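Asks:
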Amino acid sequence: MFQSVMSWVSGLSGPVIYAVVAGLVFCEDALFFGFVLPGETAVVLGGALAAQQKVSVVPLAAIVVLAAISGDFVGYQIGRHAGQPILETRPLRRHHDRVDGARDLIRRRGGVAVFVGRFVAFFRAIMPALAGVSAMPSRVFLLYNAAGGLVWGVSFTLLGYFAGHAYARIEHVAGRISAIVIAGVVVLAVVIWRLRDHLHRKRDGNDRSGTDSR
36 MFQSVMSWVS
46 GLSGPVIYAV
56 VAGLVFCEDA
66 LFFGFVLPGE
76 TAVVLGGALA
86 AQQKVSVVPL
96 AAIVVLAAIS
106 GDFVGYQIGR
116 HAGQPILETR
126 PLRRHHDRVD
136 GARDLIRRRG
146 GVAVFVGRFV
156 AFFRAIMPAL
166 AGVSAMPSRV
176 FLLYNAAGGL
186 VWGVSFTLLG
196 YFAGHAYARI
206 EHVAGRISAI
216 VIAGVVVLAV
226 VIWRLRDHLH
236 RKRDGNDRSG
246 TDSR
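Counting along the sequence shown from 1, when you hit position 198 you're at 233 in this note's numbering, and nothing is skipped either side.
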């Protein structure tokens, strides 16, 4: 499936590729499209096409970051104005337990949940709306949303870019800069994974303490 999408998108013109990638990233956060196609798939694909010189990697990264931040902001506004009924929509009713987990994370961690949620496919699609439903202050949301969108957008664009180079001519990728960038992406992923694991273990410990006290 990925190869089929890759072949189709690679046949498009540069401006259309920018628009397709940006549109998928924006719609994932604003309209829950992440349930169908995770946004990082489109971003990595765009980065790979940049390695083939179909588009330029710097403008692509900038467009991805802007689409991620603006899509999250629209999702936040939808949640803020629609309120609790948005949680009763069909896509979210089917994931009741995970939605409750995301709401609990927002309640305990606030803006940090918005940042961490950017790197988890399901949370990325629902976290902005849940932040709005939870009445998170807009300044807090915008700060962590911008930070998460910047780190996520640049990291996954470069991941696709260097992966595309490796696929085409691996000997041209073995440079110091690419090694540092890829290592940075790996370190970031490990840090986020450890943070999520710590939060889950802490929550489980609190749940057990509450049960014991009763």
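Glycine is no exception: its CB is placed at the ideal position from the N, C-alpha and C atoms.
All values reported here derive from a predicted model rather than from experimental measurement.
(1) Tell me the residue span of the alpha helix (DSSP H) that contains V154.
(2) Please say whether V56 and V92 have beta carbons closer to each other than 9 Å?
(3) What's the gap between the Cα of S169 and the Cα of A102?
(4) V99 and F191: beta carbons closer than 9 Å?
(5) F154 and I52 - do their beta-carbons sit closer together than 9 Å?
(6) Can you tell me the Cβ-Cβ gap for V60 and G74, rounded? I've got them flagged as a contact below 8 Å.
(7) Taking all protein chains shown into account, decide if G110 is buried (16 or more other Cβ within 10 angstroms of its Cβ) or exposed.
(8) Whole angstroms are fine: how far does the CA of A160 sit from the CA of P120?
(9) With 16 as the cutoff for other CB atoms within 10 Å, does G118 come out buried or exposed?
(10) Report, in whole angstroms, the separation of the C-beta atoms of I104 and G184, which I expect to be a contact under 8 Å.
(11) How is the alpha helix (DSSP H) around V92 delimited, first residue to last?
(12) Verify whether the separation of the beta carbon atoms of D64 and G114 is less than 9 Å.
(13) Considering only residues of the same chain and omitting the five flanking positions on each side of H116, which have a CB-CB separation below 7 Å?
(14) Is G145 helix, strand or coil when you go by DSSP?
(15) Under the rule that 16 or more other beta-carbon atoms within 10 Å means buried, what is G163, buried or exposed?
Replies: On the basis of the coordinates in this document:
(1) A quick correction: the sequence has Phe, not Val, at residue 154. Careful: F154 lies outside any alpha helix (DSSP H) and carries neither H nor E.
(2) no
(3) 23 Å
(4) yes
(5) no
(6) 5 Å
(7) buried
(8) 17 Å
(9) exposed
(10) 4 Å
(11) 92 to 117
(12) no
(13) none
(14) coil
(15) Before going further, note that residue 163 is Pro rather than Gly in the sequence given. It counts as buried.
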